[in-house]
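There are 4 protein chains.
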Amino acid sequence: MSDVAKAAGVADGTIYLYFKSKEEVLISLFEDRVEKLLAFMSDELPKLPTAPQRLRAVIDMQLGLLEGEREFAEVVTVIIRQSTKLLKEFAAPKFTAYLDAIARIVSDGQASGDFRKDVSPHIAARAVFGALDGITLTWALGRAEHGALGRAATQLSDVLLRGLAP
Amino acid sequence: MSDVAKAAGVADGTIYLYFKSKEEVLISLFEDRVEKLLAFMSDELPKLPTAPQRLRAVIDMQLGLLEGEREFAEVVTVIIRQSTKLLKEFAAPKFTAYLDAIARIVSDGQASGDFRKDVSPHIAARAVFGALDGITLTWALGRAEHGALGRAATQLSDVLLRGLAP
Amino acid sequence: MSDVAKAAGVADGTIYLYFKSKEEVLISLFEDRVEKLLAFMSDELPKLPTAPQRLRAVIDMQLGLLEGEREFAEVVTVIIRQSTKLLKEFAAPKFTAYLDAIARIVSDGQASGDFRKDVSPHIAARAVFGALDGITLTWALGRAEHGALGRAATQLSDVLLRGLAP
Amino acid sequence: MSDVAKAAGVADGTIYLYFKSKEEVLISLFEDRVEKLLAFMSDELPKLPTAPQRLRAVIDMQLGLLEGEREFAEVVTVIIRQSTKLLKEFAAPKFTAYLDAIARIVSDGQASGDFRKDVSPHIAARAVFGALDGITLTWALGRAEHGALGRAATQLSDVLLRGLAP
DNA sequence: TATGAATGAGAATTCATTCAT
DNA sequence: GATGAATGAATTCTCATTCAT
Numbered sequence: 001m002s003d004v005a006k007a008a009g010v011a012d013g014t015i016y017l018y019f020k021s022k023e024e025v026l027i028s029l030f031e032d033r034v035e036k037l038l039a040f041m042s043d044e045l046p047k048l049p050t051a052p053q054r055l056r057a058v059i060d061m062q063l064g065l066l067e068g069e070r071e072f073a074e075v076v077t078v079i080i081r082q083s084t085k086l087l088k089e090f091a092a093p094k095f096t097a098y099l100d101a102i103a104r105i106v107s108d109g110q111a112s113g114d115f116r117k118d119v120s121p122h123i124a125a126r127a128v129f130g131a132l133d134g135i136t137l138t139w140a141l142g143r144a145e146h147g148a149l150g151r152a153a154t155q156l157s158d159v160l161l162r163g164l165a166p
Numbered sequence: 001m002s003d004v005a006k007a008a009g010v011a012d013g014t015i016y017l018y019f020k021s022k023e024e025v026l027i028s029l030f031e032d033r034v035e036k037l038l039a040f041m042s043d044e045l046p047k048l049p050t051a052p053q054r055l056r057a058v059i060d061m062q063l064g065l066l067e068g069e070r071e072f073a074e075v076v077t078v079i080i081r082q083s084t085k086l087l088k089e090f091a092a093p094k095f096t097a098y099l100d101a102i103a104r105i106v107s108d109g110q111a112s113g114d115f116r117k118d119v120s121p122h123i124a125a126r127a128v129f130g131a132l133d134g135i136t137l138t139w140a141l142g143r144a145e146h147g148a149l150g151r152a153a154t155q156l157s158d159v160l161l162r163g164l165a166p
Numbered sequence: 001m002s003d004v005a006k007a008a009g010v011a012d013g014t015i016y017l018y019f020k021s022k023e024e025v026l027i028s029l030f031e032d033r034v035e036k037l038l039a040f041m042s043d044e045l046p047k048l049p050t051a052p053q054r055l056r057a058v059i060d061m062q063l064g065l066l067e068g069e070r071e072f073a074e075v076v077t078v079i080i081r082q083s084t085k086l087l088k089e090f091a092a093p094k095f096t097a098y099l100d101a102i103a104r105i106v107s108d109g110q111a112s113g114d115f116r117k118d119v120s121p122h123i124a125a126r127a128v129f130g131a132l133d134g135i136t137l138t139w140a141l142g143r144a145e146h147g148a149l150g151r152a153a154t155q156l157s158d159v160l161l162r163g164l165a166p
Numbered sequence: 001m002s003d004v005a006k007a008a009g010v011a012d013g014t015i016y017l018y019f020k021s022k023e024e025v026l027i028s029l030f031e032d033r034v035e036k037l038l039a040f041m042s043d044e045l046p047k048l049p050t051a052p053q054r055l056r057a058v059i060d061m062q063l064g065l066l067e068g069e070r071e072f073a074e075v076v077t078v079i080i081r082q083s084t085k086l087l088k089e090f091a092a093p094k095f096t097a098y099l100d101a102i103a104r105i106v107s108d109g110q111a112s113g114d115f116r117k118d119v120s121p122h123i124a125a126r127a128v129f130g131a132l133d134g135i136t137l138t139w140a141l142g143r144a145e146h147g148a149l150g151r152a153a154t155q156l157s158d159v160l161l162r163g164l165a166p
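Okay, here's the thing in structure tokens:
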């Protein structure tokens, strides 16, 4: 928290005027991120006609949000997992909404005949999220080369979309 | 550490007869897991003739290792990320070896014509590991239903193998 | 450290705002004492014309500093020896400076013909310091009578000065 | 204690068959040393006709006992001070006997006219012991050169005997 | 007698949180 | 609102001591 205060250019105690606890800071950080993702989804996805296009857009977005923000990526992939409470309790409301949104793209695609039907949308959603998180983690802890996340997004989309095709 | 001691049924100090520090306990835990995975790979994979079969076997194995061991899965996906040293320094020797082994399956498959060539083996390996880790995480923190990991493994393999086909 | 905090009337953690470790508390305590001695030496000794007068002043000072401060004397003679690092590493810079300053009084006295020349200034310095420390130790651990250190200083000076006369 | 056991070539627990506690080991170590000194005193000192000769012999003996035994000297000068109980409680019976024996040499010398009478035998004894201990301390923590203690003993005797002369 | 693995009380240290200014 | 020194509970780790073998 002292580091956070320093980074924010305020005194240690000041954080507590805006957040009740460290947990809340992490939750708020995570919430912000997920909200941005959800906002993007409701703004942009409806413009895209097919499920495959929408899934590709989500992948681009999740990695694009972190490109150039290595420290933030580290917080998102590492620090957030240090809060068991966050993972156990908060995971439900917001994070699940995000996973559900991805799962819905998959099930929509299955209904429209764009995706194969023998795959659980929930499992697919977790796999997509996990793959993105895994790529982000090694990127954030490694050399964090510029452009690497973009290339990874394209390749991951290529593989997943063909893999999900009927 | 106190919890670990309690779980092991020994006194707090006893842990320090076998591990030099908390860090070493985590490293050792992670090392054991990765070593089991690497041992499996060198024992079993050579018996399988094609890269796709080997990749499916790896996926089955990584999830199979955790089936029925919910607490261990939680430690592996959550607690281990609490050690920055582990992630930053130890990641290299052992974990990288594991990711490299997966990447090699991919590149072997590309050489034999079983996998498409426009995907970086390294990115593929990270995506595979991340997908598995993400599935494990939500399983461990959720209801951890028996058999769920097995079904997930099959479906993930189905998607990835078709996605990686040339 | 808990005792130190209690004695200082602060919480345990507060000490760590001012000192990095227990070692640093001891070092700082010792440093303060030696610095006071060195400061006295550079302030007062130049005013005294002869080496014998200067040596007597040093003896009076080292014991005078502790008169009435029994607990501090105990810390200085007993607790400080608990830090091997302090004794082995820190001894050099500051403590050696003090011993050297005493040794210099002796060698100056030898040069001016006030002290006999068949005694190593370094050995003499160590003997003087040890004698003072031994007197302090038994005083601090015993009844610590008021005035006892002053009497001891006079007698020790009488003996040493005659002993060092040419 | 583990180090002591290792040095003695026995298991940790074995020490407790011979000593009740760490404190007792230190006490016993110190006791042994002082007993040797006291034994020497009752054996050899009576052979020496004058107080000055006896004081010189004591100084030679105390330093001679440690010559070539650097580790033992370190224990005697450093470790023993780490036991407050040892210093406070044990100091009385045995150590005081030693200091008293030295003080008696001084008072005998005063009675026979060999030593000046304006010096307290007790203070003199403490100063002698402290000077010897200070010389030993810096010797043990420093380079512990062979022969250095012998030279120091001679010089210290020369100074003290002349200083104590009437 | 001897062993040495196990013990657990005690000690140093950290860090999220508070509150007087 | 903002500060940052102070807090103290919690945590890691040590080491003298015990006791089943």
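Protein chains in written order, with the UniProt record's numbering: chain F, 1 to 166; chain L, 1 to 166; chain D, 1 to 166; chain X, 1 to 166.
The beta-carbon is built from N, C-alpha and C at its ideal position, and this holds for glycine as well.
Since we're looking at a predicted model, the values are computed, not measured.
Ranking 39(X), 47(X), 20(X), 1(X) by CA distance to the CA of residue 98(X) puts 39(X) first.
In the DSSP assignment, residue 75(D) falls within the alpha helix (DSSP H) that extends over 70 to 77. Across the stretch 138 to 157 of chain D, CB contacts with chain X closer than 8 Å involve 138, 141, 151, 152, 155, 156, in sequence order along the chain. Here the alpha carbon of residue 17(D) sits roughly 12 Å from the alpha carbon of residue 5(D). The beta carbons of residue 53(L) and residue 132(L) sit no closer together than 8 Å.
The stretch 26 to 34 of chain X makes no contact with the stretch 132 to 150 of chain X; the number of CB pairs closer than 8 Å stays below 3. Taking a contact to require three or more Cβ pairs closer than 8 Å, the stretch 107 to 120 of chain X and the stretch 147 to 157 of chain D qualify as touching. Residue 129(D) places its beta carbon 8 Å or farther from that of residue 164(D). In the structure shown, residue 1(X) falls within a coil segment according to DSSP collapsed to helix, strand and coil. Looking from the CA of residue 68(L), the closest CA among 27(L), 23(L), 147(L), 100(L) belongs to 147(L). Per DSSP, residue 165(F) is not a residue of any alpha helix (DSSP H), being assigned neither H nor E. In the three-state reduction of the DSSP assignment, residue 47(L) falls in the helix class. When 126(L), 74(L), 112(L), 49(L) are compared, the shortest CA-CA separation from residue 166(L) is found for 112(L). For residue 143(L), no alpha helix (DSSP H) run applies, since DSSP gives it neither H nor E. For residue 102(F), not one C-beta of chain L is nearer than 8 Å to its own C-beta.
At a cut-off of 8 Å between beta carbons, residue 120(X) contacts chain D. In this structure, the CA atom of residue 50(D) is about 42 Å from the CA atom of residue 46(X).
Within a 10 Å sphere around the beta-carbon of residue 107(F) sit 16 or more other beta-carbons, which makes this residue buried. Look at residue 159(X): its C-beta is under 8 Å from a C-beta on chain D. In the structure shown, residue 12(F) falls within a helical segment according to DSSP collapsed to helix, strand and coil. Annotation: the continuous alpha helix (DSSP H) that includes residue 106(F) extends over 96 to 112. Listed along chain D are 134, 135, 138, each with a C-beta nearer than 7 Å to that of residue 126(X).
Between residue 15(F) and residue 55(F), the C-beta spacing is not below 8 Å. For residue 76(D), the closest C-alpha among the options 2(D), 141(D), 12(D) is that of 141(D).
Contacts with chain X at 8 Å (Cβ-Cβ) do not include residue 30(D). The beta carbons of residue 103(F) and residue 73(F) sit about 24 Å from each other, so the pair does not count as a contact at 8 Å.
At a cut-off of 8 Å between beta carbons, residue 162(L) contacts chain F. Neighbours of residue 123(F) in chain L, taken as residues whose beta carbon is under 8 Å from its own, are 135, 151, 152, 155, 156 in chain order.
With fewer than 16 neighbouring CB atoms inside 10 Å of its own CB, residue 13(D) falls in the exposed class.
Neighbours of residue 130(X) in chain D, taken as residues at a C-beta separation under 9 Å, are given in chain order as 127, 129, 130, 131, 132, 133, 134, 135, 136, 137, 138.
Take the alpha-carbon of residue 59(D) and the one of residue 41(D): they are about 11 Å apart. Straight-line spacing of the CA atoms in residue 159(X) and residue 144(X) works out to 22 Å.
The beta carbons of residue 22(X) and residue 1(X) sit about 6 Å from each other, so the pair counts as a contact at 8 Å. The closest CA to that of residue 126(D), considering only 100(D), 36(D), 109(D), 110(D), is found on 100(D).
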